[in-house]
Amino acid sequence: MDPKIKAMFLDEHAAEGAARFGVSPNELTFIGGFQNFIYSYNRNEVKYILRFTPSPLRTSEVLIAEIEWIRYLSENGLPVSEPISSVDGKLYERIEGNVMDFYATSFKYAPGRKIGYPECLGNSMLYEECGRVTGRLHELSKLYKPIAKRHTWECNEYLIRAKDYLPPELQPILLAIDQLKKQLANLPVNTNNFGLIHGDINVGNFTVKETGEITLFDFDECQYSWYVEDIAIQLYYLLYVYGEDSKTERKMQYELFMQHFELGYTEDGRQMPEGWKEQLKLFLRLREIIVVVGMYRSWDISQPDEWTRDFLQDSKMRIMNNISLIDEL
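All the letters of the sequence shown, read from the start, carry residue numbers 15 to 343 under the working numbering.
This is how it looks when you write it as structure tokens:
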């Protein structure tokens, strides 16, 4: 979160937003958030999320498009965290501030539990379920006729404003971004490989039931892109934990994920996205750029710990040399 925006979000904003959804401020529990301010609350023994989005980051039209997309997926049987209307029946509520406004939205709390590291590593059943849910999402995306539309991949804030967030010594990354954008712009676009995606599927954005079924949430990054980007994002977060001295582990993890994810994705006769294997490296590079730019935007890394220092060193090397996490496996 941009420190300037963080300083502008006050308790009174949270209280007003809560009231719009029939919640008392003392019922809110702050959870955190990367680009938003996230709270939980309970009503009739059911748990919910209350999210506050800074208006400079999202327009009301973009929020409506996100909520419509989630509702469509839910109505068609995909396990997602469903949106909840305000007391006045609105999809969102605008909370006015002195400097900026905030949009309040609410969702059902995803059932199950979070699964993190290292539990998510080497987990073939999880990867198959991820493939199953991702495949169903893409299948529904091909049929989706939105009223309000989300942005396309090239409008990602971290690509557009990278020059504002990166320090002077990392400006060469801008050249890598331009080169990658040109490569992506030349990829074929058709209904079988391009559509509305989740845009940030990772272990932080789904829960797992005891049955192994997962429920997706946090569609804040949904956008129009190639379906393979949804696959590359999941793979990236399962590989980046292994440094350059763990290429054997990275290779094993990559092969295990690919095998079982594809099993789940192609269930019920679904086909993998056209050209996905050839495009995977491009989108792994794209995700690495977005992660590094995002770190410089939102974190204080003037004195990084050892893991962060090594991670950034490896990532910057790959980005500036147009290398993906799987190029040397």
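From the three backbone atoms N, C-alpha and C, an ideal C-beta is built for every residue, glycine too. Nothing here was measured: the structure is a model prediction, and the numbers come from that model.
In this chain, the alpha helix (DSSP H) harbouring residue 262 covers 261-279. In the three-state DSSP reduction, residue 43 falls in the strand class (E or B). The continuous alpha helix (DSSP H) containing residue 88 extends over residues 74-89. Annotated as proximal: residue 251 and residue 217, with beta-carbon spacing under 8 Å.
DSSP places residue 151 within a helical segment (H, G or I) once states are collapsed to three. A straight-line Cα-Cα distance of about 10 Å links residue 106 and residue 97. Taking a cut-off of 8 Å for Cβ pairs, the stretch 269-284 and the stretch 296-316 do not touch, as fewer than three such pairs fall below it.
For the pair residue 343 and residue 265, the CB atoms are nearer than the 8 Å cut-off. 336 is the residue among 336, 312, 287 whose C-alpha sits nearest the C-alpha of residue 298. With fewer than 16 other CB atoms across the displayed protein chains lying within 10 angstroms of its CB, residue 60 is exposed. DSSP links residue 220 through a beta bridge to 230. Cβ atoms of residue 92 and residue 150 come within 8 Å of each other, at about 6 Å. The beta-carbon separation of residue 313 and residue 245, rounded to 26 Å, does not stay under the 8 Å limit for a contact.
Residue 123 and residue 53 do not touch by the CB rule: their CB atoms are close to 11 Å apart, not below 8 Å.
Check the Cα spacing between residue 315 and each of 261, 214, 180, 166: the tightest is with 180.
Apart from the 5 residues on each side of it in sequence, residue 322 sits with its Cβ closer than 7 Å to the Cβ of 315 in its chain, given in chain order.
Ranked by Cα distance from residue 340, the first of 49, 256, 225, 226 is 256. Annotated as distal: residue 31 and residue 77, with beta-carbon spacing of 8 Å or more.
Close CB contacts of residue 328 within its chain, under the 8 Å cut and outside five residues either way in sequence, are with 257, 258 (chain order). Listed in chain order, the alpha helix (DSSP H) runs fully inside the stretch 142-211 are 171-174, 176-179, 186-199, counting runs of at least 4 residues.
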